[in-house]
Amino acid sequence: MYAVIQNGGKQYRVAPGDVIRVEKLEAAEGQTVDLNPVLMVSDDQGARVGNPVLAGASVTAKVKSHGRADKIKIFKMRRRKHYRKTQGHRQYYTELEITGIK
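Residue numbers for the sequence shown follow this note's numbering, so the first one is 1244 and each next one is one higher.
Here it is as structure tokens:
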């Protein structure tokens, strides 16, 4: 059994027991959260696809931790113009463990 959920402008294929990293959620560690919207659910009865979301479906997850991803470097340069600019970015994330799909 698996589901496709949408969070932070991205789509994730999840199954019970999976651990995923999504954009930062305002939830404490150990807290249970419901992930909506659910776009698709597949089980032994077959796949059910929403138009665009599946009504009545929900995915529950437990917050494992919060953190920051590895640093990425942004480098801009204009040749022959003596322009160089370096910038770094670290994205915040929340690590979730999927506990159930309804």
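Where a beta carbon is used, it is the ideal one built from N, C-alpha and C, also for glycine. Owing to the predicted nature of the structure, the values given are computational and were not obtained by experimental measurement.
Cβ distance (whole Å) where Gln1249 is taken to contact Pro1280 below 8 Å: Contact flag correct, Cβ pair sits at about 5 Å.
For the candidate residues Ile1341, Gly1299 and Lys1305, whose alpha-carbon lies nearest to that of Ala1270? If we check each option's Cα against that of Ala1270, Lys1305 comes out closest.
With DSSP run on the structure shown, which of helix, strand or coil describes Ala1270? Here Ala1270 carries a coil assignment [DSSP, helix/strand/coil].
My output table needs one value for Lys1301: the three-state DSSP class, helix, strand or coil. One point to set straight first is that residue 1301 is Ser, not Lys, in the sequence displayed. Note: Ser1301 maps to coil in three-state DSSP.
Neighbourhood of Met1320 by C-beta, 7 Å cutoff - its chain only, sequence neighbours within 5 removed: Closer than 7 Å at the Cβ level, and outside the excluded window around Met1320, lie Tyr1326 and Arg1327.
Based on Cα-Cα distance, which residue from Met1244, Thr1275 and Gln1330 lies nearest to Ile1315? Measuring from the Cα of Ile1315, the nearest candidate turns out to be Gln1330.
Are the CB atoms of Leu1268 and Val1276 nearer to each other than 8 Å? A contact, by the Cβ cut-off of 8 Å.
Measuring CB to CB, does Val1284 end up less than 8 Å from Ala1246? Yes.
Would you say Glu1272 and Ser1301 are within 8 Å of each other, going by their C-beta atoms? Judged by their CB atoms, Glu1272 and Ser1301 are not nearer to each other than the 8 Å cut-off.
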